[in-house]
Amino acid sequence: MTNKLPRHVSIIMDGNGRWAKRRGLDRLQGHKAGVESVRAVTEFAAENRIEFLSLFAFSEENWNRPQYEIEGLMELMIDAIIGERNTLMNNNIIFKVIGDFSRLSKKLLDKIDDIQTSTSVNSGLTLIVFLSYSGKWDLINAFNLYLDCIRNGSNSIEDTFDPQTLEKYLSTSSIPDPDLLIRTSGEQRISNYMLWQCAYTEFYFTEVLWPDFRKNDFKLAIDTYMERERRYGKTGEQINKNN
Ligand code: IPE
Ligand code: IPE
Ligand code: MG
Numbered sequence: 052m053t054n055k056l057p058r059h060v061s062i063i064m065d066g067n068g069r070w071a072k073r074r075g076l077d078r079l080q081g082h083k084a085g086v087e088s089v090r091a092v093t094e095f096a097a098e099n100r101i102e103f104l105s106l107f108a109f110s111e112e113n114w115n116r117p118q119y120e121i122e123g124l125m126e127l128m129i130d131a132i133i134g135e136r137n138t139l140m141n142n143n144i145i146f147k148v149i150g151d152f153s154r155l156s157k158k159l160l161d162k163i164d165d166i167q168t169s170t171s172v173n174s175g176l177t178l179i180v181f182l183s184y185s186g187k188w189d190l191i192n193a194f195n196l197y198l199d200c201i202r203n204g205s206n207s208i209e210d211t212f213d214p215q216t217l218e219k220y221l222s223t224s225s226i227p228d229p230d231l232l233i234r235t236s237g238e239q240r241i242s243n244y245m246l247w248q249c250a251y252t253e254f255y256f257t258e259v260l261w262p263d264f265r266k267n268d269f270k271l272a273i274d275t276y277m278e279r280e281r282r283y284g285k286t287g288e289q290i291n292k293n294n
């Protein structure tokens with residue numbers, strides 16, 4: 052094996068709509084079925100001592116979907132947060148949500164706030180859900196937060212702007228960059244996800260649709276990652292010498 056277990060695995064959970072269509076069901080039924088896959092990957096991550104598992108649940112661009120689907124998805128998030136509360140607490144899981152909160156309903160924000168506070172006492176797996184998130188939003192938001200600090204005097208215009216400065220203002224400042232990014236359903240694109248943070252992430256694409264994704268699929272992705280050589284611009288010889 053070349054790599055250690057990934058510290059942070061992220062998943063673009065895709066294919067719910069196609070899963071439903073193939074069964075003659077409504078798209079929302081596909082999203083509902085996807086919750087079972089979330090349970091499976093969370094369990095797998097906790098059992099295998101992965102430190103951070105993040106899930107792309109709703110993108111900034113997904114606000115352009117039909118209103119009934121958006122409303123159904125938001126209801127599903129609320130139900131899932133309420134329904135999974137005991138499981139999260141019993142399994143020592145820290146739960147975080149990242150994204151543009153200005154677009155979320157008060158009802159959902161209250162549930163998020165409540166579950167984040169309750170699970171903050173835990174010390175096991177950190178489960179992060181990206182909701183109303185996009186990589187471009189994250190970067191622009193970080194620049195604006197930085198500018199606010201210049202305007203209010205806590206940053207100086209003379210300060211150098213470097214990668215560490217930017218990272219301090221990104222919504223992901225408290226979590227490490229993903230080591231492995233999995234995307235289901237055969238699509239091979241980043242869809243405006245963590246653009247900065249994925250600079251050296253290993254990508255893994257699978258044809259499996261999200262509602263069908265189970266522990267054995269996750270294990271295959273992890274095993275594939277562990278066989279890879281991460282070179283960060285160096286030569287294979289340089290990497291092997293340091294191992
Ligand atoms: C992913 O499944 C879930 C969300 C983007 C909310 P999709 O709904 O994108 O499923 P497909 O791509 O239409 O099959
Ligand atoms: C990306 O899926 C976002 C999430 C999985 C939440 P989409 O299905 O919306 O992405 P595109 O539009 O096909 O790239
Ligand atoms: Mg899709």
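Residue numbers (the working numbering): 52 to 294.
Even for Gly, the Cβ is constructed at its ideal location relative to N, Cα and C.
Quick caveat, the model's predicted, so the values are computed rather than measured.
What do you reckon, are the CB atoms on R69 and S236 nearer than 8 Å?
Sequence index remark: in the sequence shown, residue 69 carries index 18 (1-based). Sequence index remark: in the sequence shown, residue 236 carries index 185 (1-based). Going by beta carbons, R69 and S236 fall inside the 8 Å limit.
Please report the distance separating the alpha-carbon of N99 from that of T257.
Taking the first residue of the sequence shown as position 1, residue 99 is located at position 48. Taking the first residue of the sequence shown as position 1, residue 257 is located at position 206. N99 and T257: Cα-Cα distance of roughly 21 Å.
Can you tell me whether M277 sits near ligand 1, meaning its C-beta is under 7 Å from at least one heavy atom of the ligand?
Counting from 1 along the sequence shown, the entry for residue 277 is found at position 226. M277 Cβ: outside cutoff for every heavy atom of ligand 1.
Would you mind reading off the limits of the alpha helix (DSSP H) that contains R69?
If you number the sequence shown from 1, residue 69 lands on position 18. Taken as a continuous stretch (DSSP letters only), the alpha helix (DSSP H) holding R69 covers 67–73.
Spatially closest choice to I179 from I233, L106, I166, by CA coordinates
Within the sequence shown, residue 179 is the residue found at index 128, counting from 1. For I179, the nearest C-alpha among the options comes from L106.
How about G237: is its Cβ closer than 7 Å to a heavy atom in ligand 3?
If you number the sequence shown from 1, residue 237 lands on position 186. Not so, every heavy atom of ligand 3 lies at least 7 Å from the Cβ.
Are N243 and G175 touching if we call contact CB-CB under 8 Å?
Stepping through the sequence shown from its first residue, residue 243 is reached at position 192. Stepping through the sequence shown from its first residue, residue 175 is reached at position 124. Not a contact, by the Cβ cut-off of 8 Å.
Provide the residue(s) that pair with H59 in DSSP beta bridges, ordered along the chain.
On the sequence shown, position 8 is the one that residue 59 refers to. DSSP lists F103 as partners of H59.
Ligand 1 and G186: does the residue's C-beta get closer than 7 Å to at least one heavy atom of that ligand?
In the sequence shown, counting from the first residue as 1, residue 186 sits at position 135. Not under cutoff, so the answer is no.
Confirm the yes/no value for this check: CB of D77, any heavy atom of ligand 3, distance under 7 Å.
As a working note, residue 77 is residue 26 in the sequence shown. Flag unset: Cβ of D77 not near ligand 3.
Do you know offhand how far N67's Cα is from D130's?
For the purposes of this step, residue 67 is identified with residue 16 of the sequence shown, where counting begins at 1. For the purposes of this step, residue 130 is identified with residue 79 of the sequence shown, where counting begins at 1. Answer to the nearest angstrom: the Cα atoms are 18 Å apart.
Mind reading off the beta-carbon distance from T252 to P229? Whole number of angstroms is fine, and I expect it under 8 Å.
One-based indexing of the sequence shown puts residue 252 at position 201. One-based indexing of the sequence shown puts residue 229 at position 178. Indeed they touch by this definition, with Cβ atoms about 5 Å apart.
Given the structure, does I125 come close to ligand 1, in the sense that its CB is under 7 Å from one of the ligand's heavy atoms?
For the purposes of this step, residue 125 is taken as the residue at position 74 of the sequence shown. The identity of residue 125 in the sequence shown is Met, whereas the question assumes Ile. Result no, Cβ not under 7 Å from ligand 1.
Determine the direct distance from the alpha carbon of D189 to that of R240, and round the result to whole angstroms.
Numbered from 1 along the sequence shown, position 189 holds the residue referred to as residue 240. Numbered from 1 along the sequence shown, position 138 holds the residue referred to as residue 189. If you take the alpha carbons of R240 and D189, they lie about 18 Å apart.
Quick check on K285: does DSSP put it in helix, strand or coil?
In the sequence shown, the residue the question calls residue 285 occupies position 234. Three-state DSSP puts K285 in coil, outside helix and strand.
Would you call the stretch 193–210 and the stretch 80–98 in contact, with 3 or more CB pairs under 8 Å?
The stretch 193–210 and the stretch 80–98 do not touch, with fewer than 3 CB-CB distances between them shorter than 8 Å.
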